[in-house]
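Asker:
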Amino acid sequence: MAHADSESAYFNNYPPPKALPKHESLAKSFIDYHVESNRRVVLVTSGGTTVPLENQTVRFIDNFSAGTRGATSAEYFLQEGYAVIFFHRQYSLLPYSRHYSHSTNCFLDFMDEASPTPLYNSNNSDHGPIKVRNKYQDEMRDVLRKYRYAKQNNRLLLIPYTTVSEYLFELRMLAKCMKPLGPNALFYLAAAVSDFFIPRDRMAEHKIQSSEIPKEFSNNDEAVGAEDIYTGGFEQKQATSSKKLVVNLDPVPKFLQQLVDGWSPEGSMIVSFKLETDPNILVYKAQTALKRYAHHLVIGNLLSTRKWEVVFVTPDAPYERWIRVPKSRRSKSISGVEDQVGLAEAAKRAGSQIAPSTPEDDDTPKEGDGHIGAREGSEIESLIIPELVKLHTNMIVKFNQ
Ligand code: 9Z3
Numbered sequence: 001m002a003h004a005d006s007e008s009a010y011f012n013n014y015p016p017p018k019a020l021p022k023h024e025s026l027a028k029s030f031i032d033y034h035v036e037s038n039r040r041v042v043l044v045t046s047g048g049t050t051v052p053l054e055n056q057t058v059r060f061i062d063n064f065s066a067g068t069r070g071a072t073s074a075e076y077f078l079q080e081g082y083a084v085i086f087f088h089r090q091y092s093l094l095p096y097s098r099h100y101s102h103s104t105n106c107f108l109d110f111m112d113e114a115s116p117t118p119l120y121n122s123n124n125s126d127h128g129p130i131k132v133r134n135k136y137q138d139e140m141r142d143v144l145r146k147y148r149y150a151k152q153n154n155r156l157l158l159i160p161y162t163t164v165s166e167y168l169f170e171l172r173m174l175a176k177c178m179k180p181l182g183p184n185a186l187f188y189l190a191a192a193v194s195d196f197f198i199p200r201d202r203m204a205e206h207k208i209q210s211s212e213i214p215k216e217f218s219n220n221d222e223a224v225g226a227e228d229i230y231t232g233g234f235e236q237k238q239a240t241s242s243k244k245l246v247v248n249l250d251p252v253p254k255f256l257q258q259l260v261d262g263w264s265p266e267g268s269m270i271v272s273f274k275l276e277t278d279p280n281i282l283v284y285k286a287q288t289a290l291k292r293y294a295h296h297l298v299i300g301n302l303l304s305t306r307k308w309e310v311v312f313v314t315p316d317a318p319y320e321r322w323i324r325v326p327k328s329r330r331s332k333s334i335s336g337v338e339d340q341v342g343l344a345e346a347a348k349r350a351g352s353q354i355a356p357s358t359p360e361d362d363d364t365p366k367e368g369d370g371h372i373g374a375r376e377g378s379e380i381e382s383l384i385i386p387e388l389v390k391l392h393t394n395m396i397v398k399f400n401q
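Residues in the sequence shown are numbered consecutively from 1, following the UniProt record's numbering.
#1: Which class does residue 132 belong to by DSSP, given the choice of helix, strand or coil?
#2: Kindly indicate which residue of 192, 188, 243 and 199 has the alpha-carbon position closest to the one of residue 212.
#3: Give the DSSP-derived three-state secondary structure of residue 185 in the structure shown.
#4: Residue 106: buried (16+ other C-beta within 10 angstroms of its C-beta) or exposed?
#5: For ligand 1, is there any heavy atom lying closer than 7 Å to the beta carbon of residue 301?
#6: Roughly how many angstroms lie between the CA atoms of residue 131 and residue 65, to the nearest whole one?
#7: Is there at least one non-hydrogen atom of ligand 1 closer than 7 Å to the beta-carbon of residue 163?
#8: DSSP three-state call for residue 36: helix, strand or coil?
#9: Can you tell me where the alpha helix (DSSP H) with residue 396 in it begins and where it stops?
#10: Within a Cβ cutoff of 6 Å, which residues of the same chain sit near residue 58, ignoring the five residues on either side of it in sequence?
#11: Could you tell me if the beta carbon of residue 193 falls within a distance shorter than 7 Å of some heavy atom in ligand 1?
#12: Using the Cα positions of residue 252 and residue 62, report the straight-line distance between them to the nearest angstrom.
#13: Drop a sphere of 10 angstroms on the beta-carbon of residue 13, count the other beta-carbons inside from all chains shown, and report buried for 16 or more, exposed for fewer.
#14: Does the beta carbon of residue 187 fall short of 7 Å from some heavy atom of ligand 1?
#15: What first and last residue would you give for the alpha helix (DSSP H) that runs through residue 405?
#16: Three or more C-beta pairs closer than 8 Å, one from the segment 15 to 22 and one from the segment 71 to 90: is that the case here?
#17: Going by beta-carbon coordinates alone, are residue 192 and residue 282 separated by less than 8 Å?
#18: Measure the beta-carbon distance from residue 78 to residue 155 and round it to whole angstroms, keeping in mind my assumption that it falls under 8 Å.
#19: Over what stretch of residues does the beta strand (DSSP E) that includes residue 111 continue unbroken?
#20: Quick one: residues in its chain with C-beta nearer than 7 Å to the C-beta of residue 293, no 5 flanking neighbours on either side, listed in chain order?
#21: Straight-line CA distance for residue 269 to residue 185?
#22: Are the beta-carbon atoms belonging to residue 276 and residue 302 less than 8 Å from one another?
#23: What are the start and end residues of each continuous alpha helix (DSSP H) run of 4 or more residues lying completely inside the segment 145 to 220, in chain order?
#24: Quick check on DSSP: helix, strand or coil for residue 250?
#25: Are the CB atoms of residue 55 and residue 166 nearer to each other than 8 Å?
#26: Would the C-beta of residue 215 count as close to ligand 1, meaning under 7 Å from any of its heavy atoms?
#27: On the DSSP letters alone, give me the boundaries of the beta strand (DSSP E) that residue 83 sits inside.
#28: In whole angstroms, give me the CA-to-CA distance for residue 382 and residue 69.
#29: For residue 234, which residues in the same chain have their Cβ closer than 6 Å to its Cβ, ignoring the five residues on either side in sequence?
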């Protein structure tokens, strides 16, 4: 099926999310406001998507992404003067509040009572005001100021989604709303979108049962019974009469193709991310995605090193450009594997018979040789976004020539 056909097949067969009209009117007024002042607007997608197993959803498939990349990048885009549509998985990390949320950074740990804390007694009316603990004052003031600036100047629009279907409907709507921005529009697709989903006609309406339900309770009107679709292992019924669950997923329509070919504004810049776990294939997969969709930039990252290194894969020279946080400035990460920094680049070079560099020993910022060193902080997004802004500026200049 041609892309356009599979697009309409998808969007005709699924009900749009309930919040779509509300989000559309919010997006339109936000975009109009920034078109007026000729401001650049970036759509940042962030967090994972869920794949429901039932229509009345009790269970779903999810992925690891907490939305750190998206929320952090949004802050650096705001710092660069962009207005940001932050299209995020509901309850994932948000710009600014990410510094004080989730259990690793609980906001309560940053606070105290101003007067010496009396022994806790819920009846004690002699309460002091709540204040930020001294050692966090400067950092929190800085975050608070930036957050308030973004809010007061209408620079940040938050649009949530949960399922992969909501993601697709809302992405299409947002991209089309961005048309009046022309080359001032930037798409930064950092969300971890599921590649697979369960089509509606194969989805159980009710909670999938793990044991037999008597005939008189089962709903024979369902197009396809839940039992016939997901549960396998009929041949080897366990003594407990519980069953295996076999999930059969279809590929998600190639939304990036639709975005590039139709939904996005003329002259806009489209940046996608490619996530891999195997260093040997990262660059190859990023290059393949760039060729297939003919957009402007693929940012490749490995799950294990994503906080310390990424690769920019572009259609023009230098084609492959590594961005790394120098060793001395790398944040500690429990899930990350620092030993793997440099492996994907070395694997690629070995494949093309060029000696690998030893980037993890090199703290010197370099520019123009395919490496960029950290200028500030240890968040890799502080390096990614300024480089991206330069590329976007070049595209705008070319478009206007
Ligand atoms: C990314 O690669 C992001 O950088 C991460 C960020 C999801 C790794 P965290 O939320 O992680 O900061 O923990 N996003 C894109 C992943 C993706 O699914 N890309 C698709 C693919 O690889 C293409 S659009 O096929």
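Just so you know, even glycine gets a beta-carbon here, dropped at the ideal spot from N, CA and C.
Answerer: So, from the data block:
#1: strand
#2: 243
#3: strand
#4: exposed
#5: yes
#6: 32 Å
#7: no
#8: helix
#9: 381 to 400
#10: 207
#11: yes
#12: 14 Å
#13: exposed
#14: no
#15: Because the chain in this structure spans residues 1 to 401, residue 405 falls outside the shown range and cannot be described.
#16: no
#17: no
#18: 6 Å
#19: 111 to 113
#20: 256, 257 and 260
#21: 7 Å
#22: yes
#23: 164 to 177
#24: strand
#25: no
#26: no
#27: 83 to 89
#28: 11 Å
#29: Per-residue confidence for residue 234 stands at a pLDDT of 43, beneath the threshold of 50, marking its modelled position as unreliable; no derived number is given.
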